[in-house]
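**Student:** Take 74 as the starting number for the sequence shown in UniProt numbering and just add one per residue.
Following this message is one structure expressed as structure tokens.
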Amino acid sequence: RNSAEKFEFQAEVSRLMDIIINSLYSNKDIFLRELISNASDALDKIRFLTLTDKEALGEGDTAKLEIQIKLDKENKILSIRDRGVGMTKEDLIKNLGTIAKSGTSAFVEKMQTGGDLNLIGQFGVGFYSVYLVADYVEVVSKHNDDKQYVWESKADGSFAISEDTWNEPLGRGTEIKLHLRDEAKEYLEEGKLKDLVKKYSEFINFPIYLWATKEVDVEVPADEEESSEEEESTTERTEEEETEDDEEKKPKTKTVKETTTEWELLNDMKAVWLRSPKEVTEEEYAKFYHSLAKDFGDDKPMTWSHFSAEGDVEFKALLFVPPKAPHDLYESYYNANKSNLKLYVRRVFISDEFDDLLPKYLSFLMGIVDSDTLPLNVSREMLQQHSSLKTIKKKLIRKALDMIRKLAEEDPDEYSNKEKTDDEKSAMEEKKGQYAKFWNEFGKSVKLGIIEDATNRNRLAKLLRFESSKSDGKLVSLDEYISRMKSGQKDIFYLTGSSKEQLEKSPFLEQLTKKNYEVIYFTDPVDEYLMQYLKESFKELTDWWKKALDTEGIDSVKISNRLHNTPCVVVTSKYGWSSNMEKIMQAQTL
Ligand code: ADP
Ligand code: MG
């Protein structure tokens, strides 16, 4: 175009674009999430401006805070449009031609030696990922303070900007037109785009629409049938005028399939976790759960916990107990490193592969954590080590265990509810048996927790259930067992075997039942091992040690199998300073 002004990209941008355009990087999908994320940011910005300036929002369609995706198969153009804040001419030059953020050059450096392009968004250069799939990109943008402009580039070291006199006026916002490369034709398929939006952008807080084809049934007059079937092009028909009691006309009409195109909403789910728990209905929680975990059928989640944490580390979280354990939950227990938690930072999806958000024994939980405290502009690896994550993890575990405890408390079948009146119990009726159900699906996780998580061992022990010689097929807790111990009974009796039936016939049982002792049946191979962790017999000794060492600021005293000849050892806690570090710190304070 004659009127276009030409600009050179900043050298660093040029270098980055070269890397991207020549990249053999296989996960090209990421461009869409970057564009949607930018659109969402722009919408956030205009929404914020509107708080102080109502006029900024505009009127009619312009006021609709939404994202639209459109495909032009013929010309191989994919467009993403938002009604966000838009960019002035100056913005276009600055934002899509230079790199403002620090750390980017390190990223470019890294990319040249084969770094992970997936990180691009975190370095503030996500926009340029469009060149993974396009060889020519146009950015049409209209900001409230300026005219409509077109930015365009073929990633050849320069870009051009022209005042837009030929496109449809946007009102306000930005439309990115990607002229797709031949190898990127898959992004012209509606199904592919729907999948990608679902995968990466489902919880964007603005509606994302796709201009999608849809098959509809249309009634056509029978005599026009032939001609209408030959019609290939998209037709929008209004319903045939037809009265129901018009018997004569009926046989003369026929239903045919026709293709129409309409805006299809791809992300109908709101960011449930950001809303106040009081405002979210059970139905919505269930729906949200299903969108998180499609594999689990139509069953509702057993329970959930929705909370926000304040203080040094702020985050909102929504945790679900699934209705059923996935079949491979324990099979893959020791090599799985994928948690079912999605981590968001300020509503931007970061990862669902942070194995350190929850301990393994709670990996059956599904949910979302959205933190305001975590930085967005660091690599995943750095984020994974961010100190806030430890605090988040600690709080998540507490909340998760509380949620499980409540499952039991609300269940009228549970022993702990024996003080409740019948009225109270009948009010709890719909929760009847829910803890047993939980125990059947996830009991093993509680046991593994007792073994692995010393900090929460007592809390977990309260969640433990088993059958016993007196439980009559029901589940018993340790509390219940203890409450009905015979006077003078000092030990908890348990028998291990492969099944309840086998244990009931055990000769060991005879003596004890005769004396009216209750005996716990342990039928899970892990049970006996578990008991080692619940041993109270060393309590006196450990208590004495703790008292004796208290002035030294000792955390805890534990019985361990780790030593052979040495009687005891002082160790640092998991996250504590090593003794060497301790010395260094001491030297510094002197
Ligand atoms: P980041 O989003 O991390 O800032 P990007 O490379 O994705 O980095 O985008 C660069 C800049 O371009 C954004 O900061 C924003 O100012 C501008 N921009 C990109 N897309 C849009 C858009 N759809 N609407 C308004 N501004 C945009
Ligand atoms: Mg971005």
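Beta carbons: idealized from backbone N, C-alpha and C, even for Gly.
All values derive from a computational prediction rather than experimental measurement.
So, under 8 angstroms CB-CB, residue 518 and residue 594 are touching, yes? Tell me the CB distance rounded to an integer number of Å.
**Tutor:** Position 445 of the sequence shown holds residue 518. Position 521 of the sequence shown holds residue 594. About 20 angstroms separates the two Cβ atoms, so there is no contact after all.
**Student:** Using 10 angstroms around the beta-carbon of residue 431, count the other beta-carbons present and answer buried if the total reaches 16, otherwise exposed.
**Tutor:** For this step, residue 431 is matched to residue 358 along the sequence shown. Buried.
**Student:** Residue 259 and residue 265: beta carbons closer than 8 angstroms?
**Tutor:** Taking the first residue of the sequence shown as position 1, residue 259 is located at position 186. Taking the first residue of the sequence shown as position 1, residue 265 is located at position 192. Contact: yes.
**Student:** Please return the same chain residues whose Cβ sits closer than 8 angstroms to the Cβ of residue 493, not counting the five positions on each side in sequence.
**Tutor:** The residue you call residue 493 lines up with position 420 of the sequence shown. Closer than 8 angstroms at the Cβ level, and outside the excluded window around residue 493, lie 485, 501.
**Student:** Among the candidates 257, 505, 137, whose CA atom is the shortest distance from the CA of residue 97?
**Tutor:** Counting from 1 along the sequence shown, the entry for residue 97 is found at position 24. The candidate whose alpha carbon is nearest that of residue 97 is 257.
**Student:** Hey, residue 429 and residue 466: beta-carbon distance below 8 angstroms or not?
**Tutor:** Counting from 1 along the sequence shown, the entry for residue 429 is found at position 356. Counting from 1 along the sequence shown, the entry for residue 466 is found at position 393. A contact, by the Cβ cut-off of 8 angstroms.
**Student:** Since residue 394 and residue 476 are thought to touch, with beta carbons under 8 angstroms apart, how far apart are those beta carbons, to the nearest angstrom?
**Tutor:** Sequence index remark: in the sequence shown, residue 394 carries index 321 (1-based). Sequence index remark: in the sequence shown, residue 476 carries index 403 (1-based). With 8 angstroms as the limit, residue 394 and residue 476 qualify as a contact, their Cβ atoms being about 7 angstroms apart.
**Student:** Is residue 113 near the ligand MG, going by C-beta to nearest heavy atom under 7 angstroms?
**Tutor:** Within the sequence shown, numbered from 1, the residue matching residue 113 stands at position 40. For the ligand MG, not one heavy atom lies less than 7 angstroms from the Cβ of residue 113.
**Student:** Determine the burial state of residue 656: buried for a count of at least 16 other Cβ atoms within 10 Å of its Cβ, exposed for fewer.
**Tutor:** Position 583 of the sequence shown holds residue 656. Exposed: under 16 other Cβ atoms inside 10 Å.
**Student:** Please list the segments of the alpha helix (DSSP H) lying wholly inside the segment 553 to 614, counting only runs of 4 or more residues, in order along the chain.
**Tutor:** 573 to 577, 580 to 587, 598 to 607
**Student:** At what residue ranges does the segment 414 to 495 contain a whole run of the beta strand (DSSP E), taking only runs of 3 or more?
**Tutor:** 414 to 418, 421 to 424, 439 to 444
**Student:** On the DSSP bridge assignment, give the partners of residue 154 in chain order.
**Tutor:** In the sequence shown, residue 154 corresponds to position 81, counting from 1. Paired residues: 141, 248.
**Student:** Does the distance between the C-beta of residue 99 and the nearest non-hydrogen atom of the ligand MG fall short of 7 angstroms?
**Tutor:** Working through the sequence shown from its first residue, we reach residue 99 at position 26. No, since every heavy atom of the ligand MG falls outside the 7 angstroms radius drawn around the Cβ of residue 99.
**Student:** DSSP three-state label for residue 279, please.
**Tutor:** Translated into the one-based positions of the sequence shown, residue 279 becomes position 206. Residue 279: coil per DSSP, three-state reduction.
**Student:** If I measure Cβ to Cβ from residue 336 and keep anything under 8 angstroms in the same chain, skipping five residues before and after, which residues do I get?
**Tutor:** Here residue 336 corresponds to residue number 263 of the sequence shown, with the count starting at 1. Counting only Cβ-Cβ distances below 8 angstroms, and skipping sequence neighbours, we find 141, 282, 283, 284, 285.
**Student:** So, for residue 446: in the same chain, excluding its five sequence neighbours on each side, which residues have a beta-carbon less than 8 angstroms away from its beta-carbon?
**Tutor:** Within the sequence shown, the letter at position 373 stands for residue 446. So the list reads 385, 386, 387, 388, 461, once near-sequence residues are dropped.
**Student:** According to DSSP, which residues form a beta bridge with residue 210?
**Tutor:** Within the sequence shown, the letter at position 137 stands for residue 210. Answer is 226, 251, bridged to residue 210.
**Student:** Please go through the same chain and pick out, in chain order, the residues whose beta-carbon is closer than 6 angstroms to the beta-carbon of residue 190, but skip the five residues on each side of it.
**Tutor:** As a working mapping, residue 190 is identified with position 117 in the sequence shown. The residues are 98.
**Student:** Would you report the Cα separation of residue 228 and residue 437, rounded to the nearest angstrom?
**Tutor:** Taking the first residue of the sequence shown as 1, we reach residue 228 at position 155. Taking the first residue of the sequence shown as 1, we reach residue 437 at position 364. Computed Cα separation, rounded: 46 angstroms.
**Student:** Using the C-alpha atoms, what's the distance from residue 169 back to residue 303?
**Tutor:** Along the sequence shown, one-based indexing puts residue 303 at 230. Along the sequence shown, one-based indexing puts residue 169 at 96. Confidence is the limiting factor: at residue 303 the pLDDT is only 49, short of 50, which leaves the residue's position unreliable and the question unanswerable from this model.
**Student:** Name the DSSP beta bridge partners of residue 336, please?
**Tutor:** The residue labelled residue 336 in the question sits at position 263 within the sequence shown. As computed with DSSP, residue 336 is found in a beta bridge with 284.
**Student:** Ignore the nearest five residues each way along the sequence and tell me which others in residue 218's own chain have a CB closer than 8 angstroms to its CB.
**Tutor:** The residue given as residue 218 occupies position 145 in the sequence shown. Here the set comprises 161.
**Student:** When you compare the segment 551 to 558 with the segment 579 to 598, are there three or more beta-carbon pairs, one atom per stretch, that lie closer than 8 angstroms?
**Tutor:** yes
**Student:** Please determine if the segment 109 to 123 and the segment 142 to 159 are in contact, where contact requires at least 3 C-beta pairs separated by less than 8 angstroms.
**Tutor:** A contact exists between the segment 109 to 123 and the segment 142 to 159.
**Student:** Which value, in whole angstroms, describes the spacing of the CA atoms of residue 654 and residue 471?
**Tutor:** Counting from 1 along the sequence shown, the entry for residue 654 is found at position 581. Counting from 1 along the sequence shown, the entry for residue 471 is found at position 398. Cα-Cα distance, rounded: 30 angstroms.
**Student:** In whole angstroms, what is the alpha-carbon distance linking residue 661 and residue 414?
**Tutor:** For the purposes of this step, residue 661 is taken as residue 588 along the sequence shown, with counting starting at 1. For the purposes of this step, residue 414 is taken as residue 341 along the sequence shown, with counting starting at 1. CA-to-CA, the gap between residue 661 and residue 414 works out to about 41 angstroms.
**Student:** At a cut-off of 7 angstroms, would you count residue 180 as near the ligand MG, judging by its Cβ distance to the nearest heavy atom?
**Tutor:** As a first step, residue 180 is located in the sequence shown; it is residue number 107 there, counting from the start. If you check the C-beta of residue 180 against the ligand MG, you find no heavy atom less than 7 angstroms away.
**Student:** Would you check if the distance between the CB atom of residue 379 and the CB atom of residue 353 is smaller than 8 angstroms?
**Tutor:** Locating residue 379 in the sequence shown gives position 306, where the first residue counts as 1. Locating residue 353 in the sequence shown gives position 280, where the first residue counts as 1. A distance below 8 angstroms separates the beta carbons of residue 379 and residue 353.
**Student:** So, are the CB atoms of residue 203 and residue 210 less than 8 angstroms apart?
**Tutor:** Numbered from its first residue, the sequence shown carries residue 203 at position 130. Numbered from its first residue, the sequence shown carries residue 210 at position 137. Yes, they are a contact pair.
**Student:** The beta strand (DSSP E) with residue 266 in it runs from where to where?
**Tutor:** Within the sequence shown, residue 266 is the residue found at index 193, counting from 1. Element bounds for residue 266: not the beta strand (DSSP E) but the alpha helix (DSSP H), 263 to 274.
**Student:** Expressed to the nearest angstrom, what Euclidean distance is found between the alpha-carbon atoms of residue 76 and residue 118?
**Tutor:** One-based indexing of the sequence shown puts residue 76 at position 3. One-based indexing of the sequence shown puts residue 118 at position 45. If I take the Cα positions, the gap works out to 31 angstroms.
**Student:** Residue 382 by DSSP, collapsed to three states: which one?
**Tutor:** Taking the sequence shown and counting its residues from 1, one reaches residue 382 at position 309. Of the three classes helix, strand and coil, the one that applies to residue 382 here is strand, per DSSP.
**Student:** In whole angstroms, give me the CA-to-CA distance for residue 578 and residue 273.
**Tutor:** Here the question's residue 578 lines up with position 505 in the sequence shown. Here the question's residue 273 lines up with position 200 in the sequence shown. Roughly 56 angstroms separates the two Cα atoms.
**Student:** Cutting at 6 angstroms between CB atoms, please list the residues of its own chain near residue 240, excluding the five before and the five after it.
**Tutor:** For this step, residue 240 is matched to residue 167 along the sequence shown. Hits under 6 angstroms: 213.
**Student:** How long is the line joining the alpha carbons of residue 480 and residue 253, rounded to whole angstroms?
**Tutor:** Here residue 480 refers to the residue found at position 407 when the sequence shown is read from its first residue. Here residue 253 refers to the residue found at position 180 when the sequence shown is read from its first residue. The straight-line gap from Cα to Cα measures roughly 52 angstroms.
**Student:** Can you check which of these residues, 330, 658, 221, 149, is closest to residue 263 by C-alpha distance?
**Tutor:** Numbered from 1 along the sequence shown, position 190 holds the residue referred to as residue 263. Nearest to residue 263 by alpha-carbon distance, out of 330, 658, 221, 149, is 149.
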